[in-house]
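Below you'll find the structure, written out as structure tokens, and then a few comments.
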Amino acid sequence: MKTSQRVRERFYWNNAKDDVQKWCRTCDACASRKGPKKRSRGKLQRYNVGAPFERIAFDILGPLPRTADGNKYILVAIDYFTKWPEAYPIPDQEAVTVAEMMIQHWISRFGVPLQLHSDQGRNFTSAVVKELCKLLGIDKTQTTPLHPQSDGMVERFNRTILNNLSLVVSRNQQDWDKKLPLFLLAYRSAVHETTGYSPSQMLFGRDLRLPCDLLFGRPPDAPSSPEEYIQDLQARFEVMHNFARERVNLATEKMKTRYDTRATGHRFNEGDKVWLWNPTRRKGLSPKLQSPWDGPYTVLNRLNDVVVRIRKSSNSKPKVVHYDSLDKFNEFLSKKLNDLKERNGSTVRNKTFLSPARQTVAIRRNVSL
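If you read the sequence shown in the numbering used here, its first letter stands for residue 8, the second for the next number, and so on.
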């Protein structure tokens, strides 16, 4: 509005208002700073598992205050089917530390998972972890960059850990690793909203014995032979797991229906120019003066409905990103400027232009809009 008024005070041509608005909408500097009014939003992709330890999610939580034992991070692991969680205090987040904890604590207790899912942290994408997964035959998957929603289950569990630890830690917050085991006991014995059972019931077929049970007692288990116990346990597992699968399918279907109502309709195809959402702050620069959108990038191909491979230039390395991190790049301005330069043989660069209004006048005189 301000730009249009200033142009009208100094110049006149037919459709000046429309031209100025189009110029402002297609300004690369403005677009990289302001971004779209409505972000791209892909449809929700469901991934349902049907058995314990089929797919495991790993993540690093921290940094936290260093404890007396030297721990500063938490290696978090959770099973997609049973929702059974593990949380291991660790002193650092190096790849070797992560790999050792995976072998010594998870794999030694529960066996080798079919699939291991994580974000793109260096501790999970390192050669050490890749070689470990290759050696054990684990299918290693990872989220797209800057899109933690791709691993929403473990992200929600991380928030639960922090919320509960904040209630019980000391004032200096350096004893959180001592409080972690009892939090895990409480979580594992509580009914999970999605499955309808506690993680301990889903994994062991029975409830965990809690401190209150020792104080007030609970009905004893009926005596049985090992064979009878195994048969009864298998029957209980079949009932519980079938019920849990139905609840998980129903919950994810409701979530997808609700999520997809806000999905945008446009799709990015091969050859399209796009902006990439990249809020990562560069060291030494003020974050308040940085632009969160980077580009333009060219879409090389679509890996599925919500994952796209892009590249900024022919010499740059391709990136695999999520649909939600992209926005359409409007090439109107750059095309008109290039056309103007070719017709006039001009060597004028964008930085030497005096104002958007005078640039628009130049384009109107030389290029038919």
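A virtual CB, placed ideally from N, CA and C, is assigned to each residue, including glycine.
Values in this document were obtained by computation on a predicted structure and should not be read as measured data.
Per DSSP, Val103 lies in no beta strand (DSSP E) segment; the continuous alpha helix (DSSP H) that holds it begins and ends at Ala102 to Met108. When the beta-carbon positions are compared, Ile63 and Tyr80 stay at least 8 Å from each other. In this chain, the beta strand (DSSP E) harbouring Val83 covers Tyr80 to Asp86. No Cβ-Cβ contact shorter than 8 Å links Pro96 with Leu221. Per DSSP, Leu153 is not a residue of any alpha helix (DSSP H), being assigned neither H nor E.
DSSP assignment within the segment 167 to 200 yields the following whole alpha helix (DSSP H) runs of 4 residues or more, N-terminal first: 183 to 196.
Counting along the chain, Glu260 sits inside the alpha helix (DSSP H) bounded by residues Pro233 to Asp267. In this structure, DSSP gives Trp282 an extended state, which the three-state scheme calls strand. Within the DSSP secondary-structure output, Ser115 pairs in no beta bridge. Beta bridge pairing from DSSP links Pro96 with Ile81. Distance between Tyr194 and Phe117, taken at the CA atoms: about 18 Å.
Pro152 has its alpha-carbon roughly 14 Å from the corresponding atom of Lys324. In this structure, the straight-line span from the alpha carbon of Asn21 to that of Trp30 is close to 15 Å. The alpha-carbon of Lys290 is positioned some 14 Å away from that of Pro299. Thr148 carries a strand assignment under DSSP once its states are collapsed to helix, strand and coil.
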